[in-house]
Amino acid sequence: MNILELQPIAATRRNHALEHATIHILSGYLPAVSMAGRANSRGFFIYGDLHTEALRQAVREAIQRMTAGESYLAIHPNCGTNLVTTAIFSATATMLAIAGKRRHLLDRIPTGLLGALAGVFLGQMVGLNLQERITTCAELDVVKVVQISRREIGRRVLHWVQIAHEPAG
149 MNILELQPIA
159 ATRRNHALEH
169 ATIHILSGYL
179 PAVSMAGRAN
189 SRGFFIYGDL
199 HTEALRQAVR
209 EAIQRMTAGE
219 SYLAIHPNCG
229 TNLVTTAIFS
239 ATATMLAIAG
249 KRRHLLDRIP
259 TGLLGALAGV
269 FLGQMVGLNL
279 QERITTCAEL
289 DVVKVVQISR
299 REIGRRVLHW
309 VQIAHEPAG
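For the record, in the sequence shown the residue sitting at position 123 is 271 according to the numbering used here, with numbers rising by one throughout.
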């Protein structure tokens with residue numbers, strides 16, 4: 149068995165995909181609302197000032213659309229996977245580009261900037277690929293929403309979407 153298919157990894161990957169799909173859908177309905185999410189094996193959090201019923205409808209729509217084959221909804225360009233991958237690639241490319249003692253540090257800055265740009269470009273491509281192959285799983289036929297709860301912490305709004313993963317059959 150593939151390690152990505154073991155629990156709780158598989159559940160986290162499906163929840164991560166559903167979190168992304170939900171944010172895609174909410175962003176379409178509420179473009180002015182800033183949102184973020186975080187998934188784990190039991191469900192996912194949505195941070196953002198939105199109504200619970202809007203979230204409930206978006207989760208329902210996300211499951212329906214992904215189950216119908218819209219797996220692209222599992223991938224989000226602002227995912228932490230992309231951000232971390234891009235940062236690592238950019239920092240590594242910059243360090244490699246400016247390494248060495250042959251030239252003065254100021255003379256290495258243009259090369260370092262080119263390295264950083266190359267790292268950003270490659271990091272974004274690799275990050276999207278990592279999401280598709282490793283950090284998300286678009287197969288949502290086994291997920292069931294258990295509950296959605298809202299919590300206000302000062303002026304911040306946090307929703308918890310609890311998910312159960314039922315065996316296929």
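A virtual CB, placed ideally from N, CA and C, is assigned to each residue, including glycine.
In this structure, G271 sits away from I223, with a CB-CB distance that is not shorter than 8 Å. Non-local C-beta neighbours of Q310 in its own chain, meaning closer than 8 Å and more than five positions away in sequence, comprise R190, G191, V293, V294, Q295, I296, S297, ordered along the chain. Bounds of any beta strand (DSSP E) do not take in G248, whose DSSP letter is neither H nor E. DSSP places E218 in the coil class of the three-state scheme, outside both helix and strand. Under the three-pair Cβ rule at 8 Å, the region 251-267 does not count as touching the region 194-202. Per the C-alpha coordinates, the member of T284, P179, Q212 positioned closest to G196 is P179.
E218 and L198 have their C-alpha atoms some 24 Å from each other. The shortest C-alpha to C-alpha distance from T242 to any of V268, R208, T229, H252 is the one to V268. If the five residues before and after T215 are omitted, its C-beta is found closer than 8 Å to the C-beta atoms of L288, D289, all from its own chain and listed in chain order.
Under the 10 Å beta carbon count, E167 is surrounded by 16 or more other beta carbons and is classified as buried. Our two residues, N188 and L254, have alpha carbons roughly 45 Å apart in a direct line. Between T283 and R186, the C-beta spacing is not below 8 Å. Look at N230 here: in three-state DSSP terms it is helix. If you draw a straight line from the Cα of L306 to the Cα of L174, it comes to about 15 Å.
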